[in-house]
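Asker:
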Amino acid sequence: MPRLLITIVGEPVPGGNRFHVDFVREHDVVFHFNPRFHENTIVRNTQLGGCWGPEEREGGFPFVQVVANLYEFLSSAEHKRRYFGMWVTKQFLVPIDFHSIFFILE
């Protein structure tokens, strides 16, 4: 799989508790990105065949609720290692070795 960069610029709604970005293929959510302001955490997950997987919550919470942020999602398969990483406003957030994402997308 070649390198792919997806960039999103967004500003959370004042008073909102959360937002989400989903990467979907057919009926599966291959990646769910869900910052939750009221919990100061980011939930990451997949939904395959109608079933949600275990939530991942590690990593920081670099968001300010009323400030526009730049969200970048990078995937690559360099050196035969499949990789998915996230940056928020140029700050590296967390690497994810999501074999299942690439398996589904191939």
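Residues in the sequence shown are numbered consecutively from 1, following the UniProt record's numbering. The beta carbon of each residue, even a glycine, is placed where N, CA and C say it ideally should be.
For GLU72, which of helix, strand or coil comes out of DSSP?
Answerer: It is a strand residue.
Asker: Measuring only the C-alpha atoms, how far is VAL9 from PHE19?
Answerer: About 13 Å.
Asker: For ARG36, which residues from the same chain have a beta carbon less than 8 Å from its beta carbon, with the 5 sequence-adjacent residues on both sides left out?
Answerer: ASN17, ARG18, ILE42, VAL43
Asker: Whose C-alpha, out of LEU4, GLY60, TRP52, GLU11, is nearest the C-alpha of HIS32?
Answerer: TRP52
Asker: Figure out for me which residue from VAL13, GLU11, GLY15, PHE23 has the closest Cα to the Cα of PHE73.
Answerer: PHE23
Asker: So, for GLU55: in the same chain, excluding its five sequence neighbours on each side, which residues have a beta-carbon less than 6 Å away from its beta-carbon?
Answerer: Same-chain partners within the cutoff: VAL43, ASN45.
Asker: Here's the rule: buried if 16 or more other CB atoms are within 10 angstroms of the residue's CB, otherwise exposed. What is VAL13?
Answerer: exposed
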